[in-house]
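Scroll down for the structure; my scribbles are underneath it.
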Amino acid sequence: MDHDAAATILAAEHQATMRRLASLQSDHADIVAASLDSNADDEHDPEGSTIAFERSQVDALIEQTKRHLAEIEEAGTRLDRGVYGICLSCGRRIPSARLEARPTARTCIDCATRAVHPMSTRMPE
8 MDHDAAATIL AAEHQATMRR LASLQSDHAD IVAASLDSNA DDEHDPEGST IAFERSQVDA
68 LIEQTKRHLA EIEEAGTRLD RGVYGICLSC GRRIPSARLE ARPTARTCID CATRAVHPMS
128 TRMPE
């Protein structure tokens with residue numbers, strides 16, 4: 008994948024992730040506001056999830072989104088250094104199809120497979 012194509016993909020991914028983060032932060036603020044406006048005993052409400060549970064879920068999604076944002080920024084740094092698309096484990100080129108599917112990929116499929124399944128016998132092509 009050439010530099011310009013990678014930069015375009017990473018920029019789009021960054022924008023989408025920033026929109027998602029803003030939306031989640033808005034959801035979090037709404038949940039907090041709802042808990043302040045309500046004097047209901049949501050911890051003992053048999054009708055569904057508690058405000059605390061909803062807040063916990065949104066907090067987890069916010070953290071996940073922030074981690075993804077950091078991965079995008081790290082990929083941008085690799086692009087600026089001229090090493091984007093190079094596997095950090097074996098040094099081979101990461102196929103364009105993998106980078107298109109997962110723009111923040113740091114490793115080729117073979118190395119990623121070995122990291123998840125250490126006993127994998129799949130050999131590099």
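All the letters of the sequence shown, read from the start, carry residue numbers 8 to 132 under the working numbering. Positions of the beta carbon are idealized from the N, C-alpha and C atoms, including for glycine. All values derive from a computational prediction rather than experimental measurement.
Item	Value
How big is the Cα-Cα spacing for MET126 and PHE60?	38 Å
Hey, is the stretch 21 to 35 in contact with the stretch 95 to 108, meaning 3+ C-beta pairs nearer than 8 Å?	no
Does the beta carbon of GLU61 fall short of 6 Å from some heavy atom of the ligand GDP?	The ligand GDP is absent from the structure shown, which contains no ligand whatsoever.
Output the boundary residues of the alpha helix (DSSP H) element that contains HIS75.	58 to 88
My guess is that ARG121 and ALA112 are in contact by the Cβ rule of under 8 Å, so how many angstroms apart are they, rounded?	Incorrect: roughly 14 Å between the Cβ atoms, too far for contact.
Identify, in the order they occur along the chain, each residue of the same chain with its Cβ nearer than 8 Å to the Cβ of ALA41, setting aside the five sequence neighbours on each side.	ILE58
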